[in-house]
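Chemist: Numbering (the working numbering), first residue to last: 49 to 317.
Think of the CB as a built atom: it goes at the ideal place given N, C-alpha and C, for glycine as much as any other residue.
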Amino acid sequence: MGCFECCIKCLGGVPYASLVATILCFSGVALFCGCGHVALTGTVTMVENHFSRVTSDHATLTNVVQILQYIIYGIACFFFLYGIILLAEGFYTTSAVKEMHSEFKTTVCGRCISAMFVFLTYILGLGWLGIFGFSAVPVFLFYNMWTACGAMKSPIANLTSVDNICVDVRQYGIIPWNAIPGKACGSTLSAICNTSEFYLSYHLYIVACAGAGATVIALIHYLMILAANWAYLKGLCQQTHAYQDIKTRDDQELQDVQSRSKEGLNSYS
């Protein structure tokens, strides 16, 4: 076999569907974790500089953000390993399907592992749906501030003063109601919207939300692939058992024919 034939054979055994799902999963998780981490840091900085002058007022927010950042580290590490495992499972199942009529044998353990991946991916998909919804919350909050700043740049007819436009972050539960100043109005709000913390955090939250959505799509793709692979393995096992039963019956019939032939020869002699 030449080099070209070897390359064609290797490319034929690549699980392209699993490869695409893995790339999409890695990209989505990387966007969510990387952008979410930086956006959370920018949010804390913005609250400390403009909405809460007392450290104790935003101490809970700081602790929650640190916990979320540690969770992001864990999510990144887990899905890096899980994506590689699912890709390896795709290679295994592709080999089983490609070599259906050869000496390849699938075991009960292999089918159980495939079924376990189907169940685990389903649970992770539901979890990422929750993460996707949760990541849309800061996008909504920052969008409200962005809209308020846009309203000051294009005054409404019945608006008497830009100082009437305010954003109070205390109503979102980010900081307590007794935090000072807790809200920003007019030119102060406009200055906050022009800071790098606000602009960068807002757009990073959007990208993080998009990354979470891409991860959900990747897990749905994985779920379809794993379900199909499990069905292939189950069908392969049934075909193997049927082939073994037929072969056993043929061998038994051949032995019976040989036994009767020997008995006939012995009686004739």
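To which residues of the same chain is residue 69 closer than 7 Å at the C-beta, ignoring the five residues directly before and after it?
Modeler: Against the sequence shown, residue 69 aligns to sequence position 21. Counting only Cβ-Cβ distances below 7 Å, and skipping sequence neighbours, we find 266, 269, 270 and 273.
Chemist: Between which two residues does the beta strand (DSSP E) harbouring residue 92 extend?
Modeler: What you label residue 92 is simply residue 44 of the sequence shown in a count that begins at 1. Residue 92 -> not in any beta strand (DSSP E); alpha helix (DSSP H) instead, spanning 64-98.
Chemist: Taking only the alpha-carbon atoms, compute the straight-line gap between residue 107 and residue 113 and give it to the nearest angstrom.
Modeler: Counting from 1 along the sequence shown, the entry for residue 107 is found at position 59. Counting from 1 along the sequence shown, the entry for residue 113 is found at position 65. Going from the Cα of residue 107 to the Cα of residue 113 covers about 10 Å.
Chemist: What's the gap between the Cα of residue 238 and the Cα of residue 221?
Modeler: Here the question's residue 238 lines up with position 190 in the sequence shown. Here the question's residue 221 lines up with position 173 in the sequence shown. The straight-line gap from Cα to Cα measures roughly 22 Å.
Chemist: Hey, residue 233 and residue 211: beta-carbon distance below 7 Å or not?
Modeler: Looking up residue 233 in the sequence shown gives position 185. Looking up residue 211 in the sequence shown gives position 163. Yes, these two residues count as a Cβ contact at 7 Å.
Chemist: Where does residue 141 fall in DSSP's three states?
Modeler: For the purposes of this step, residue 141 is taken as the residue at position 93 of the sequence shown. If DSSP states are grouped into helix, strand and coil, residue 141 belongs with the helices.
Chemist: Evaluate the contact criterion for the region 192-203 versus the region 66-81: three or more CB pairs, one atom per stretch, below 8 Å.
Modeler: With the cut-off at 8 Å, the region 192-203 and the region 66-81 do not touch.
Chemist: In the DSSP assignment, the beta strand (DSSP E) including residue 239 goes from what residue to what residue?
Modeler: Translated into positions along the sequence shown, residue 239 becomes position 191. Here residue 239 belongs to no beta strand (DSSP E); instead the alpha helix (DSSP H) covers 234-241.
Chemist: Could you tell me which of 260, 243 and 276 sits nearest to residue 91, measuring between CA atoms?
Modeler: Taking the first residue of the sequence shown as 1, we reach residue 91 at position 43. Among 260, 243 and 276, the Cα nearest to that of residue 91 belongs to 243.
Chemist: How would you label residue 64, buried or exposed, when you count the other beta carbons within 10 angstroms and need 16 or more for buried?
Modeler: Translated into the one-based positions of the sequence shown, residue 64 becomes position 16. By the 10 Å Cβ count, residue 64 comes out exposed.
Chemist: Using only the alpha-carbon positions, how far apart do residue 83 and residue 255 sit?
Modeler: Counted from its first residue, the sequence shown places residue 83 at position 35. Counted from its first residue, the sequence shown places residue 255 at position 207. So the alpha carbons of these two residues sit roughly 7 Å apart.
Chemist: In the DSSP assignment, the beta strand (DSSP E) including residue 215 goes from what residue to what residue?
Modeler: For this step, residue 215 is matched to residue 167 along the sequence shown. 214-216 is the extent of the beta strand (DSSP E) around residue 215.
Chemist: Thinking residue 141 and residue 277 are a contact (beta carbons under 8 Å), I'd like their distance in whole angstroms, please.
Modeler: Mapped onto the sequence shown, residue 141 falls at position 93. Mapped onto the sequence shown, residue 277 falls at position 229. So it is a contact: roughly 4 Å between Cβ atoms.
Chemist: Could you tell me whether the Cβ atoms of residue 264 and residue 180 are closer together than 7 Å?
Modeler: Mapped onto the sequence shown, residue 264 falls at position 216. Mapped onto the sequence shown, residue 180 falls at position 132. Closer than 7 Å, so yes.
Chemist: Taking Cβ positions, are residue 252 and residue 87 nearer each other than 7 Å?
Modeler: As a working note, residue 252 is residue 204 in the sequence shown. As a working note, residue 87 is residue 39 in the sequence shown. Yes.
Chemist: What number of angstroms, rounded off, separates the C-alpha of residue 223 from the C-alpha of residue 119?
Modeler: Residue mapping note: residue 223 aligns to position 175 of the sequence shown, counting from 1. Residue mapping note: residue 119 aligns to position 71 of the sequence shown, counting from 1. Taking the straight line joining both Cα atoms gives about 22 Å.
Chemist: Going by DSSP, name the residue or residues bridged to residue 229.
Modeler: Reading the sequence shown from its first residue, position 181 is the one you call residue 229. In the DSSP output, where bridge partners are listed per residue, residue 229 has 100.
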